[in-house]
Each structure stands twice: as structure tokens, then as C-alpha cells.
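Undergrad: Counted the way mature numbering (1 follows the signal peptide of the UniProt record, and there is no 0) counts, the sequence shown spans residues -20 to -1, 1 to 591. Yeah, the Cβ is synthetic: ideal placement off N, Cα and C, and Gly gets one too. On a predicted model such as this, the values are computed, not experimentally measured, just so you know.
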Amino acid sequence: MKKTLLIATLVAGLIPYAAADTGDELVAARNAWRQKDAATLARTVEATRADALAAYPRYWQALLALENGDDAPARAFLAAEPASTLSERLTGEWLKRLGKDNDWAAFAREIRRVPADERDTETACYATLAELKAGQKAQPDADLLDKLKLPDGCNALLNEAARQGTLSADEVRSRVRSLVAINYVTVARGLAAAAGLSEEFFTSGSNEAAVIGVVRQGKSDLSGAAAELTRLAPTLTAEQAAFGWGQLALLAARKQDAGNALIWFSRALPSELTPEQWEWWARAALRAEDWNTVLAVTSKMPAKLAAKGAWRYWRARAELALGQRAQGQARLVQLSSEHNYYGILAREALGSSVSAPPSPLSASDADIARAGAEPAIRRASLLFDYAREKGEPALLEEGRREWRWAMRGKDDKALIAAAEYGRARGYYDMAIYSAERTKNQHNFGLRFLTPYRDATRRYAAQLEVDPAWVYGLMRQESRFVTVARSGVGAQGLMQLMPATARWVAAKVGMDSFDVNDVDTNIHLGTWYLRHVLDTTGHPVLATAGYNAGPGRARAWRDSRPLEGAIYAETIPFTETRDYVQKVMANAVEYAAQSGEGETSLTARMGTIAAK
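(1) Tell me the rounded alpha-carbon separation between aspartate 434 and lysine 199.
(2) Going straight from the alpha carbon of proline 250 to that of glycine 452, what length do you get?
(3) Counting only the same chain and skipping the five closest in sequence on each side, list residues whose C-beta sits under 8 Å from that of proline 431.
(4) Who are the Cβ neighbours of arginine 55 in its own chain at under 6 Å, not counting the five residues just before and after it?
(5) Where does alanine 571 sit, in a helix, a strand or coil, going by DSSP?
(6) With burial defined as no fewer than 16 other Cβ atoms inside 10 Å of the residue's Cβ, what is the status of glutamate 576: buried or exposed?
(7) Leaving out the 5 sequence neighbours to the left and right, which residues in its chain are closer than 7 Å to threonine 515 when beta-carbon positions are compared?
(8) Could you give the uninterrupted runs of the alpha helix (DSSP H) lying entirely in the region 477 to 512, keeping only those of 4 residues or more?
(9) Which word fits aspartate 51, buried or exposed, when buried means at least 16 other C-beta atoms lie within 10 angstroms of its C-beta?
(10) Going by DSSP, what residue range makes up the alpha helix (DSSP H) through arginine 359?
(11) Quick one: using the 10 Å Cβ neighbour count with 16 as the cut-off for buried, is asparagine 566 buried or exposed?
(12) With a 10 Å radius around its C-beta and 16 neighbouring C-beta atoms as the bar for buried, classify asparagine 163 as buried or exposed.
(13) Since valine 194 contacts arginine 157 with CB under 8 Å, what's their CB separation in whole angstroms?
(14) Can you give the beta carbon distance from arginine 267 to threonine 550, rounded, assuming they're within the 8 Å contact cut?
(15) Under 8 Å, with one C-beta from each stretch per pair, do the region 39 to 53 and the region 1 to 13 reach the 3-pair mark?
(16) If I follow the unbroken alpha helix (DSSP H) through threonine 436, where does it start and stop?
(17) If you drop the 5 nearest sequence neighbours on each side, which residues of the same chain put their C-beta closer than 8 Å to that of leucine 21?
(18) Of all the CB atoms in chain B, is at least one closer than 7 Å to the CB of serine 414?
(19) Could you give the DSSP three-state label for lysine 15: helix, strand or coil?
(20) Since glycine 239 is in the alpha helix (DSSP H), which residue starts that stretch and which ends it?
(21) Using only the alpha-carbon positions, how far apart do proline 541 and glutamate 269 sit?
(22) Find out if the Cβ-Cβ distance for the pair threonine 506, valine 445 is shorter than 7 Å.
(23) Are the region 463 to 474 and the region 485 to 505 touching by the rule of at least three beta carbon pairs closer than 8 Å?
(24) Entirely within the region 381 to 433 and at least 4 residues each: give me those alpha helix (DSSP H) ranges in chain order.
(25) Use the C-beta contact count for glutamine 15: other C-beta atoms within 10 angstroms, 16 or more gives buried, fewer gives exposed.
(26) I want to know whether the region 336 to 355 touches the region 388 to 399 - three or more CB-CB distances under 8 Å.
(27) Does DSSP put glutamine 471 in a helix, in a strand, or in coil?
(28) Find the nearest neighbour of leucine 253 within the set Ala306, Ala118, Glu151, judged by alpha-carbon distance.
(29) Which residue from Asn82, Val94, Trp84, Ala86 puts its Cα closest to that of leucine 70?
(30) Evaluate isoleucine -6 with the Cβ neighbour count: other Cβ atoms within 10 Å of its Cβ, from every protein chain shown; 16 or more gives buried, anything less gives exposed.
(31) Looking at the structure shown, is arginine 465 part of a helix, part of a strand, or coil, going by DSSP?
(32) Please report how far the alpha carbon of alanine 356 lies from the alpha carbon of alanine 286, in whole angstroms.
(33) To the nearest angstrom, report how far apart aspartate 391 and leucine 315 are at their CA atoms.
(34) Can you tell me which residues form a DSSP beta bridge with isoleucine 588?
(35) What's the call for glutamine 116, buried or exposed, on a 16-neighbour Cβ count within 10 Å?
(36) Can you tell me whether asparagine 82 is helix, strand or coil according to DSSP?
So this is what it looks like as C-alpha cells:
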């Protein structure tokens, strides 16, 4: 018996397929919680009391009670429920309620339930705020100051830190300016009042208000805003003028106006630049192929930013371009051991390409069975099966949370066993999730799974599209989850928007279709990818166009030919930039695995023709 069949046979008996009525009750319970229907929720709690997933209706019941100011059901749930993703999440919600109510004694007791590295942003903020309230010396995470849209708990923390003098007056002034510039006036007033700042930021006709007005003008009229800031400059403090130029520079860089961005960034104060501004300064320099500035910016940016793979790679490229060969090569060698987009580019810059690694880490049948028997994995399996049967993405996400919770602290061998279990049951996204977490020994066949091979290869061949690229895109879009649905309505393996699916279906002569059908989704998605390639002329542009629209992908070109990796790095949409890089890196891995197609990422990125 082949190993894959043996594994499938072995794990099939671990999780009996659950009764349909239990799935219906789960869906009803979740809907009742969202609709604040306490009566229906109570009924589902009774109906599922003996079920393997009985904790879920009780969890939603406790959440609803918390929203109504009653923490008794939460206390009861946590007293009865062993450590799990549900107990941890409920504790997190309870902690936020305690923080909002300023019940710091109860907060101090309960925060111990949630490990520090598993707290979400707001819970972590309340934890630091509790320390400040208790008279302890505590410092807000420096990253908070760089994020303007924060949850209430984090704004409360920054206000308290400003009140106690933990934040400097300069830090507060810079943040208040940025908040007012995006019309977060109420939050800005709260922070300014806590720090005892004047009302100048909110007073019409003041210098502060004038600078903020320039920044707002720049969103629609950059040249006019720059002229106005130049006119105002003699009346402004150095700090006020620098803030204005830094904000206009960021706007220019995001609009791919590298020339003005570089001039205006040079007028800003490096000490007050946000991480976003540092990164766009580097991108503007890349867009202009100004290697001196690329090196200067990547050398001076904050250490946490400089440690990112992107800026280690581009700093090395700048060093090589400027003749600093030893430094550049050493930096590439360090980066080349990482299994990601920049690691692949670094290896290729050093003269090697991706190849399938020998002796992948494997798991025994006993290891796989043991993984499947874990309580959290058993619950995840039930939830995944319900999600498939009911077409309920919400239950799918609950299953993912169970699975991710189960993977904490596992060694490489246990992770691969869980990945094999997931692959055998068709939980491809979780199989990839587990396989990607290995640290020392790896299995790239599990990281880069190839389900639905017949349909994928058939339509790729018919439409003359590289199958490794199709797989790379599909992996990024859905991780091979057939019922995947995005927040904006994209569906299926290749995440087709309804309007796009209808348009393509008409083009290929489908009178009726189910976009979640595997064969149909791959057919329509591959046809659309071919269409975008034909309209853009380059796989990198087509990948960007598949995500953000072909018109945008073409508009992001330069007036001169541009290295594909520079084009990708300077895409103004964060999601699309990350998407292009991952899809193209995936394609290289799939080509290496299959022995077909281009295995050089540098070659795949190529050169983007001028507009």
C-alpha cells in the first residue's frame, strides 16, 4: 500500500464524521451570538452539551454576557475549561473589559492566563497600562507610536504614559500632528491634554494648524502643498517644517514620484521619521536606482527595520553596486539561508539557485496518528469537516485557531507529523502552516503541496500558462481551501470575485457554474490569469494585476525599463507588494519541485518595460 493511502486509511478512523445536526447547531449558536440572541444561544448550549464541540456555544454565550457586563459565565467557563484556544481568547476579551472598566486588581489576576507572546495588541497595551497604574516603571512598545490607528486600550496607555512623562514632549507633539493630519482629532486632543500641551494644534491660524493643512493639501495637490510649505518655512520651527517635508515625501514616494520624494526626505529629521517613512525613503531611492542613497538610508534606519530581509538584501545590493564587494557578499551569505523571497534572491546573487533539498524530514505512521489524536487537532478536524459540509468559512477559521494553538512549542518532527495528518485529510492550509514552522529540518514537499494536479496541469497546458506559476498563485490566494472566501467576496481556490467569475464564464461559454467547484474555479482562474498576462505582457505585472487590477499594474511601471524586483519593491499597495513577491517565490519552489519551468527567481522577475 502506498504511504499516502496508508496515512489516509489510518487517519480516517481517528475523527468520525460528525452528525449534520451538530453542525447546524454550531452555525446557529454562532449566528445567535452575533445577533445577540441570548435565548437561541441558551438553547444551543443545551442541545450540544454532550458534543465534542460543546465548548463553542458556551464560549459564545460567555462572550455575549461579557458584552452585557456580566462576567459570571466567563468565570464559570474558565473554571471548567482546560487550557485551550477558547479559554485564552475568552480571557483576552475579559481582560479588555476589565481594562475598560479600570478594574486593575482583577486584571492583574487574570492576565497570567495569557502568555505574553500570545496577547493581542490591545491586551498587551492594557497589561502595560496596569503596570503604570500600579506605579511600576513601564514603557509602551515603541512600535505603538508609529501606528496611528490603535484600539482604545492602546490610546489609553499612550495617554497615561504622556501624563506620567514616560513619553517625551517631542514624541507626543509628533504623534498629535500626525493624528490631526488624518482627522483623528478626538484621539489627538486626548493625548495633547494628557501631556499638558497647548491648543495650538487645534487652533485655526496657528503654525501647527498651517503645517497640518499643508499635509492634508498634499493628498490631492503635492506640488501646491510643497509650494505652500516653502512659503511658510520662515515662520515655522525646524521641527514643524521637517514634519511637513517628511509627510509630503511619504506621499510623493507612494505616488512613485521618486525625484521629489528624495528631495523632501532630505529636508526631514531622521530622528522623527516613522518606519513607514524610512521604508519609502529607501524605496524612492531604489526607484531612482540611486544606490548611494539606498545604502545611506538602509544603514541609518532603525535597527529593527534594518534587520528585515528586504533592507538587508537591498543594502547588500547597494554595497555591491558601489564596489563594497566584501560587505555585500557577507550580507548576502547571511540572508541566503532563509527560505523566502529575499533568501532566494540572495542565493542567486551568490551564484546558486533553488533546488529540491535532499532527504526531507518525514514522519512515521505512529507519529501521524499521535498528531491526529490530540484534542485540539480533533476539534479542528470536526470544525473543518463542518465548514466543508455547511460552506461556513467562520467555522473554518475556528478550526484554524484550534490547529494553530496545537502547533505551539512543537519540535520539527511533531510539526511534520501534523502536516502529514493535515495533508491526508485535505486540510492543506494547515498542513502548509505546520510544515512552514520547522526550524532545522524541513519538508518542502509539504510546504509546497500540489493538490488538484490533474485540473491544474490540464488548464495550464490548454492556456499555455506555466503550471508552477498557477500553483504559486493558488497557494497564495487560498492555500488550497476550496471554500475560501475573502472579506470582499472573492471565492474558491483562485479567489475569483463574482463579477470576474461571471465575465470569464461568459467568455469560455459556461451558461451556469459553481465558482467553488474545484475544476470550474481552476478553469476560470487560469483563464483570467492568461488574460491578465496577455494585457500586461509580463508575469510580474500579471501577478500584480491579478491582485490589484491590470490597469494599476501597468500604471506602476516607470518611464524607463525597471528591474522586476525593484518594480515589485516599489508597488504602493502593501498587500499587492507582498503578494507579488510571495507568488513569484512560490513559482520558483514549485518549478524546482517538479523539475519543470524556470527555477531562477531573478529570471522570473526579469525587467519591466517602460510605460
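TA: Taking the definition as stated:
(1) To locate residue 434, count along the sequence shown from 1; it is residue 454. To locate residue 199, count along the sequence shown from 1; it is residue 219. If you take the alpha carbons of aspartate 434 and lysine 199, they lie about 49 Å apart.
(2) As a position in the sequence shown, residue 250 is number 270, starting the count at 1. As a position in the sequence shown, residue 452 is number 472, starting the count at 1. Distance between the alpha carbons of proline 250 and glycine 452: 39 Å.
(3) As a position in the sequence shown, residue 431 is number 451, starting the count at 1. Correct list, in chain order: Gly406, Tyr408, Phe460.
(4) For the purposes of this step, residue 55 is identified with residue 75 of the sequence shown, where counting begins at 1. Taken in chain order, the list of residues that qualify is empty.
(5) By 1-based counting over the sequence shown, the position of residue 571 is 591. Three-state DSSP puts alanine 571 in a helix.
(6) Along the sequence shown, one-based indexing puts residue 576 at 596. Glutamate 576 is exposed by the Cβ-count criterion.
(7) On the sequence shown, position 535 is the one that residue 515 refers to. These residues qualify, in order along the chain: Pro530.
(8) Runs of the alpha helix (DSSP H) lying entirely within the region 477 to 512 and spanning at least 4 residues, in chain order: 478 to 488.
(9) Locating residue 51 in the sequence shown gives position 71, where the first residue counts as 1. Under the 10 Å beta carbon count, aspartate 51 is surrounded by 16 or more other beta carbons and is classified as buried.
(10) Numbered from its first residue, the sequence shown carries residue 359 at position 379. Unbroken alpha helix (DSSP H) run through arginine 359: 355 to 370.
(11) For the purposes of this step, residue 566 is identified with residue 586 of the sequence shown, where counting begins at 1. Under a 10 Å Cβ-count criterion, asparagine 566 is classified as buried, with 16 or more other Cβ atoms of the shown protein chains found around its own Cβ.
(12) By one-based count along the sequence shown, residue 163 stands at place 183. Burial call: exposed.
(13) The residue given as residue 194 occupies position 214 in the sequence shown. The residue given as residue 157 occupies position 177 in the sequence shown. With a contact defined as Cβ atoms closer than 8 Å, valine 194 and arginine 157 miss out at about 11 Å.
(14) The residue given as residue 267 occupies position 287 in the sequence shown. The residue given as residue 550 occupies position 570 in the sequence shown. Sure, about 5 Å apart at Cβ, within 8 Å.
(15) Under the Cβ criterion (8 Å, minimum of three pairs), the region 39 to 53 counts as touching the region 1 to 13.
(16) Walking along the sequence shown from the start, residue 436 turns up at place 456. DSSP places threonine 436 in the uninterrupted alpha helix (DSSP H) bounded by 433 to 442.
(17) If you number the sequence shown from 1, residue 21 lands on position 41. Cβ within range, chain order: Ala9, Ala12, Trp13, Pro37, Trp40, Gln41, Leu44.
(18) Given the protein chain composition of this structure (a single chain), no chain B is represented.
(19) Here residue 15 is taken as the residue at index 35 of the sequence shown, counted from 1. The question names lysine, but residue 15 is glutamine in the sequence shown. In the structure shown, glutamine 15 sits in coil (DSSP, three-state: anything other than H, G, I, E or B).
(20) The residue given as residue 239 occupies position 259 in the sequence shown. Note, glycine 239: alpha helix (DSSP H), 238 to 245.
(21) Taking the sequence shown and counting its residues from 1, one reaches residue 541 at position 561. Taking the sequence shown and counting its residues from 1, one reaches residue 269 at position 289. Going by the C-alpha atoms only, they are around 11 Å apart.
(22) Counting from one through the sequence shown, the residue named residue 506 turns up at place 526. Counting from one through the sequence shown, the residue named residue 445 turns up at place 465. Taking 7 Å as the Cβ cut-off, threonine 506 and valine 445 qualify as a contacting pair.
(23) By the C-beta criterion, the region 463 to 474 is judged to be in contact with the region 485 to 505, since at least 3 inter-stretch pairs fall below 8 Å.
(24) Fully enclosed alpha helix (DSSP H) runs of 4 or longer: 392 to 405, 408 to 416, 424 to 427.
(25) If you number the sequence shown from 1, residue 15 lands on position 35. Exposed, by the Cβ-count rule.
(26) Put simply, the region 336 to 355 touches the region 388 to 399. At least three CB pairs are less than 8 Å apart.
(27) The count along the sequence shown starts at 1 and reaches residue 471 at position 491. It is a strand residue.
(28) Residue 253 sits at position 273 when you count from the first residue of the sequence shown. Cα-wise, what sits closest to leucine 253 is Glu151.
(29) Walking along the sequence shown from the start, residue 70 turns up at place 90. Out of Asn82, Val94, Trp84, Ala86, Val94 has the C-alpha closest to the C-alpha of leucine 70.
(30) Looking up residue -6 in the sequence shown gives position 15. The pLDDT assigned to isoleucine -6 is 47, lower than 50, so where the model puts this residue is not dependable; a value taken from the coordinates is nonetheless given after this. Isoleucine -6 is buried by the Cβ-count criterion.
(31) Within the sequence shown, residue 465 is the residue found at index 485, counting from 1. Looking at arginine 465 - three-state DSSP - the assignment turns out to be strand.
(32) Taking the sequence shown and counting its residues from 1, one reaches residue 356 at position 376. Taking the sequence shown and counting its residues from 1, one reaches residue 286 at position 306. Alanine 356 and alanine 286: Cα-Cα distance of roughly 38 Å.
(33) As a first step, residue 391 must be located in the sequence shown, where it is residue number 411. As a first step, residue 315 must be located in the sequence shown, where it is residue number 335. Cα to Cα, aspartate 391 sits roughly 23 Å from leucine 315.
(34) The sequence position of residue 588 within the sequence shown is 608, counting from 1. According to DSSP, isoleucine 588 shares a beta bridge with Leu542.
(35) Counted from its first residue, the sequence shown places residue 116 at position 136. By the neighbour-count rule (16 or more Cβ atoms within 10 Å), glutamine 116 is not buried but exposed.
(36) Position 102 of the sequence shown, counted from the first residue, corresponds to residue 82. Note: asparagine 82 maps to coil in three-state DSSP.
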